[in-house]
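The numbers in the UniProt record's numbering rise by one with no breaks, and the one at position 346 of the sequence shown is 346.
We put the beta carbon where it would ideally sit given N, CA and C, even for glycine.
Since the model is a prediction, treat every value here as computed from it, not as a measurement.
In what follows, a structure is listed as structure tokens, so that the remarks can point back to it.
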Amino acid sequence: MAKKKKGKKGKKGKKGPTIITTGHHVLERERCMCPRFGDSYYRTEKADVIKNDVAFYKIKKAADKELDTLDLAGCSFNFLPDELGIVNVFTTTLVDLNLARNNLFGSDSAFSVLKNLTSLKRLSIANNFLNGKLSEDACALVNLEELDLDGNQISELPEKCDQWSNLKVFSCGNNVLKTLPEGVEQWTKLEMLNLRENAFENLPPQSSAWVKMKRLFLGVNKLVALPETIGAMVELVELDARKNEITSVPETLGECVKLEHLNLGHNKIPALPEELLTQLPLLRELYLYGNKLESLPLPPEAMENMEKLSLSKNNFKTLPEGLGAMTNLRELYVNGNLKFSSLPVSVGNLRSLRELALRGCPKLKSIPSSVTNCEGLKELDLRTGGKKDVCKVPQEIVDHLGIQKCKVKGAVVKKAKGKKGKKKK
Numbered sequence: 001m002a003k004k005k006k007g008k009k010g011k012k013g014k015k016g017p018t019i020i021t022t023g024h025h026v027l028e029r030e031r032c033m034c035p036r037f038g039d040s041y042y043r044t045e046k047a048d049v050i051k052n053d054v055a056f057y058k059i060k061k062a063a064d065k066e067l068d069t070l071d072l073a074g075c076s077f078n079f080l081p082d083e084l085g086i087v088n089v090f091t092t093t094l095v096d097l098n099l100a101r102n103n104l105f106g107s108d109s110a111f112s113v114l115k116n117l118t119s120l121k122r123l124s125i126a127n128n129f130l131n132g133k134l135s136e137d138a139c140a141l142v143n144l145e146e147l148d149l150d151g152n153q154i155s156e157l158p159e160k161c162d163q164w165s166n167l168k169v170f171s172c173g174n175n176v177l178k179t180l181p182e183g184v185e186q187w188t189k190l191e192m193l194n195l196r197e198n199a200f201e202n203l204p205p206q207s208s209a210w211v212k213m214k215r216l217f218l219g220v221n222k223l224v225a226l227p228e229t230i231g232a233m234v235e236l237v238e239l240d241a242r243k244n245e246i247t248s249v250p251e252t253l254g255e256c257v258k259l260e261h262l263n264l265g266h267n268k269i270p271a272l273p274e275e276l277l278t279q280l281p282l283l284r285e286l287y288l289y290g291n292k293l294e295s296l297p298l299p300p301e302a303m304e305n306m307e308k309l310s311l312s313k314n315n316f317k318t319l320p321e322g323l324g325a326m327t328n329l330r331e332l333y334v335n336g337n338l339k340f341s342s343l344p345v346s347v348g349n350l351r352s353l354r355e356l357a358l359r360g361c362p363k364l365k366s367i368p369s370s371v372t373n374c375e376g377l378k379e380l381d382l383r384t385g386g387k388k389d390v391c392k393v394p395q396e397i398v399d400h401l402g403i404q405k406c407k408v409k410g411a412v413v414k415k416a417k418g419k420k421g422k423k424k425k
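Written as structure tokens, this is what we have:
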């Protein structure tokens with residue numbers, strides 16, 4: 001019998017650490033790395049059952065102890081339990097109910113249960129799947145003061161919404177509303193209205209009844225103009241109308257003398273009313289970025305309370321000397337104004353200024369030396385955003401700003417004659 005040839009012995013490598021693997025470890029690793037669809041569904045279903053058990057325990061506890069607050073957020077309800085509507089104690093004691101982040105689909109079935117809770121003052125049913133017209137049964141909740149319907153697919157409010165005459169806060173952001181019914185004229189106590197991310201083209205004339213309005217959020221809609229009736233909102237403190245199609249600002253906005261925050265960014269506004277900023281002495285934040293503005297009507301004595309001003313992405317060539325009156329201004333943004341070529345000397349009066357952003361202004365070749373008077377300045381951005389920066393700044397200005405720990409970006413440092421300039425990154 002022929003003998004088998006012995007092969008060459010390979011070099012022995014270093015042995016790695018011993019890995020102890022049990023059958024349980026293998027199964028668990030397979031489950032984590034590549035879970036089967038059935039397993040995933042089973043776990044989700046089991047979690048929903050546990051959430052429902054917790055929710056029913058909360059309902060029973062609230063009924064037994066006659067609590068006025070009930071938090072059922074994130075309980076994975078597809079339908080509301082009948083216990084909410086038939087337990088008599090809830091109809092007289094329950095004031096605050098949170099149903100946010102569930103799986104509620106039809107508003108008719110939801111409010112057929114909720115309509116009996118007539119003592120409710122605060123109701124959140126945000127981030128569900130409510131769609132179409134909101135149920136008329138919702139109007140039975142006549143004592144509501146706060147109603148949150150954010151993050152659904154509601155396309156219309158019920159006609160009888162005039163019965164919500166006690167509403168102070170109404171939030172219906174991120175839905176598909178196009179208009180409001182006439183009944184909103186009865187919301188005379190309304191203080192906060194959120195209609196962000198809908199499909200509004202106009203606000204109804206009935207909005208003149210909102211004389212107690214303090215915060216109005218209209219951003220991300222299709223508004224072509226702010227209503228003239230906005231002047232009736234004499235208590236207005238904050239107005240957000242960004243990302244619309246607004247082409248004009250009504251002069252009546254100047255009657256909102258308590259306004260502190262005004263956001264008109266990302267619209268198509270070519271000019272502001274001449275006297276508007278004079279009439280808003282308490283304004284602290286003004287956002288006008290992304291419009292078609294060429295000038296800013298700034299009277300020399302106004303806007304002393306202004307802290308933040310954004311004028312980015314417009315058609316400004318310069319700013320008025322009245323800018324220097326904003327002695328409390330902390331942030332000024334003029335980025336992306338392609339025609340911007342000069343800062344007013346009065347910028348030196350802005351001793352509270354911490355950030356001055358002039359990025360993306362290729363026509364700006366220099367800045368006034370008075371900028372060294374801005375004692376609080378911590379960041380000066382002069383980058384053009386292209387291959388080559390163009391704004392020349394004398395060495396003494398850069399040195400002075402460096403002493404106060406101001407970071408200068410994009411400046412081409414201008415040295416004495418015979419010495420080449422150096423770009424400041």
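Check for me: the beta strand (DSSP E) holding residue 309 runs from which residue to which? For residue 309, the uninterrupted beta strand (DSSP E) run begins and ends at 308-310, by DSSP.
The region 116-129 in contact with the region 97-108 per 3-pair CB rule at 8 Å: With the cut-off at 8 Å, the region 116-129 and the region 97-108 touch.
For my contact list, residue 268 and residue 235 are in at a C-beta cut-off of 8 Å; report their separation, rounded to the angstrom. Contact doesn't hold; Cβ gap of about 28 Å is too wide.
C-beta atoms of residue 341 and residue 318 nearer than 8 Å: A contact, by the Cβ cut-off of 8 Å.
Enclosing alpha helix (DSSP H) for residue 88 [first to last residue]: Start and end: 88-93.
By the three-class DSSP mapping on this structure, what secondary structure does residue 132 have? Per DSSP, reduced to three states, the secondary structure at residue 132 is strand.
For residue 112 and residue 137, what's the separation of their Cα atoms in angstroms? Cα to Cα, the separation comes out at about 6 Å.
CB contact flag (residue 428, residue 170, <8 Å): Given that the chain is displayed from residue 1 to residue 425, the structure contains no residue 428 and the question cannot be resolved.
Strand pairing of residue 318, partner residues [DSSP]: DSSP, once it has assigned bridges, lists 342 as partnering residue 318.
Excluding the 5 residues preceding and the 5 following residue 100 in the sequence, name in chain order all residues of the same chain whose CB lies nearer than 6 Å to its CB. Residues of the same chain with a CB within less than 6 Å of the CB of residue 100, apart from the 5 flanking positions on each side, are 73, 124, 126 and 127 in chain order.
How many Å lie between residue 181 and residue 162 at the Cα? Approximately 9 Å, taken between the alpha carbons.
Secondary structure at residue 71, three-state DSSP: helix, strand or coil? Residue 71: strand per DSSP, three-state reduction.
Nearest CA to the CA of residue 70: which residue from 76, 61 and 321? Distances from the CA of residue 70 to each of 76, 61 and 321 were compared; the closest alpha carbon is that of 61.
Buried or exposed: residue 24, going by 16 or more other Cβ atoms within 10 Å of its Cβ? Exposed, by the Cβ-count rule.
The beta strand (DSSP E) that contains residue 114, what's its start and end? Judged by DSSP secondary structure, residue 114 falls outside any beta strand (DSSP E) and instead within the alpha helix (DSSP H) spanning 107-114.
Please report whether the beta-carbon of residue 394 lies at a distance below 8 Å from any beta-carbon of chain C. The question asks about chain C, but that chain is absent: this structure has only one protein chain.
What residues match up with residue 217 in a beta bridge as DSSP calls it? Partner residues in the beta bridge of residue 217, as assigned by DSSP, are 194 and 240.
Contact check, residue 305 vs residue 283 under 8 Å by CB: the rounded distance? Cβ-Cβ separation between residue 305 and residue 283: approximately 6 Å, consistent with a contact (criterion under 8 Å).
Report the residue from 325, 249, 91 and 233 whose alpha carbon sits nearest the alpha carbon of residue 119. Nearest to residue 119 by alpha-carbon distance, out of 325, 249, 91 and 233, is 91.
Can the beta-carbon of residue 376 be found less than 8 Å from the beta-carbon of residue 354? Contact: yes.
Determine the closest residue to residue 208 out of 256, 177 and 245, with distance taken between C-alpha atoms. When 256, 177 and 245 are compared, the shortest CA-CA separation from residue 208 is found for 256.
Would you call residue 397 buried or exposed, if buried means 16 or more other Cβ atoms sit within 10 Å of its Cβ? Classification of residue 397: buried, given that the 10 Å Cβ count is 16 or more.
DSSP on residue 52, reduced to helix/strand/coil? In the structure shown, the three-state DSSP call for residue 52 is helix.
Quick check on the burial criterion: 16 or more other C-beta atoms within 10 angstroms. Buried or exposed for residue 426? Look at the range of the chain in this structure, 1 to 425, and you will see that residue 426 is not part of it.
Does the Cβ-Cβ distance between residue 122 and residue 82 come in under 8 Å? The answer is no: Cβ separation not under 8 Å.
For the alpha helix (DSSP H) that residue 347 lies in, which residues bound it at each end? No alpha helix (DSSP H) contains residue 347, which DSSP labels as neither H nor E.
Is the beta carbon of residue 327 closer than 8 Å to that of residue 351? Yes; because the gap between Cβ atoms is below 8 Å, this pair is in contact.
Note down the Cα distance separating residue 321 from residue 381, rounded to an integer number of angstroms. Cα to Cα, residue 321 sits roughly 21 Å from residue 381.
Please name the residue, chosen from 261, 251, 66 and 223, that lies closest to residue 243 on a Cα-to-Cα basis. Nearest C-alpha to residue 243 among 261, 251, 66 and 223: 223.
I need the straight-line Cα distance from residue 85 to residue 379, nearest angstrom please. The straight-line gap from Cα to Cα measures roughly 59 Å.
Please state whether DSSP places residue 27 in a helix, a strand or coil. DSSP, read as helix, strand or coil, puts residue 27 in helix.
As a quick exercise: from 291, 158 and 251, pick the residue whose alpha carbon is nearest that of residue 270. Ranking the options by Cα distance to residue 270, first place goes to 291.
Should residue 415 be labelled buried (16 or more other beta-carbon atoms within 10 Å of its own) or exposed? By the Cβ neighbour-count rule, residue 415 is exposed, with fewer than 16 other Cβ atoms within 10 Å of its own.
Am I right that residue 226 and residue 198 are in contact with their C-beta atoms under 8 Å? What's the rounded C-beta distance? At roughly 16 Å, the Cβ-Cβ gap does not stay under 8 Å, so residue 226 and residue 198 are not in contact.
By Cβ distance below 6 Å, which residues in the same chain neighbour residue 251 in space, the five residues on each side in sequence not counted? Cβ within range, chain order: 273.
First and last residue of the beta strand (DSSP E) that includes residue 395? No beta strand (DSSP E) holds residue 395; the alpha helix (DSSP H) holding it covers 395-403.
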